[in-house]
Amino acid sequence: MKEEDLIKAATEARLRAYAPYSKFKVGAALLTKDGQIFTGCNVENSSYGLSICAERAAVVKAVSEGCTGFTDLVLVVDCEGICTPCGACRQVLFEFNPDMNIIMLNLRGGKLEAIARELLPEAFELDH
Ligand code: THU
96 MKEEDLIKAA
106 TEARLRAYAP
116 YSKFKVGAAL
126 LTKDGQIFTG
136 CNVENSSYGL
146 SICAERAAVV
156 KAVSEGCTGF
166 TDLVLVVDCE
176 GICTPCGACR
186 QVLFEFNPDM
196 NIIMLNLRGG
206 KLEAIARELL
216 PEAFELDH
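If you're matching positions, the sequence shown starts at 96 in our numbering and goes up one per residue.
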């Protein structure tokens, strides 16, 4: 699976974002160890706190289809800087693979890469 495939999937997922309140569309694509891609977009709600981020939407889709072995996540936004996952998403991504490679892109050529454990130092782990 090429990185370009994952980027294309996240970019397409971004267009499906339901973000009438923030107008900030986010797309995510998760790659599993066996090469499957699960996409997600942010889904907002008029009760704002119920909104779900693109990353968690992708994780929930994958896990509910029986897949948990994630190796990479691509996140795509359209803003000047780079959007990094929110704290809640960092914890959820860390849960499934602290060594997950997280690639954050904007539509203007900006790119940042990090490992899940770098984004969430001293993450909460139940068995610690
Ligand atoms: N959002 C994401 O989908 N992922 C992030 O990592 C940060 C924020 C969404 C949530 C909300 O729908 C919108 O972006 C503005 O916060």
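We put the beta carbon where it would ideally sit given N, CA and C, even for glycine.
Residue 106 carries a helical assignment under DSSP once its states are collapsed to helix, strand and coil. Residue pairing of residue 121 in beta bridges, as defined by DSSP: 172. Assignment of beta-bridge partners to residue 206 by DSSP yields 200. A direct Cα-Cα distance of roughly 7 angstroms separates residue 156 from residue 133. For residue 149, the shortest separation between its Cβ and any heavy atom of ligand 1 lies below 7 angstroms. In the three-state reduction of the DSSP assignment, residue 219 falls in the coil class.
The C-alpha of residue 190 lies about 30 angstroms from the C-alpha of residue 203.
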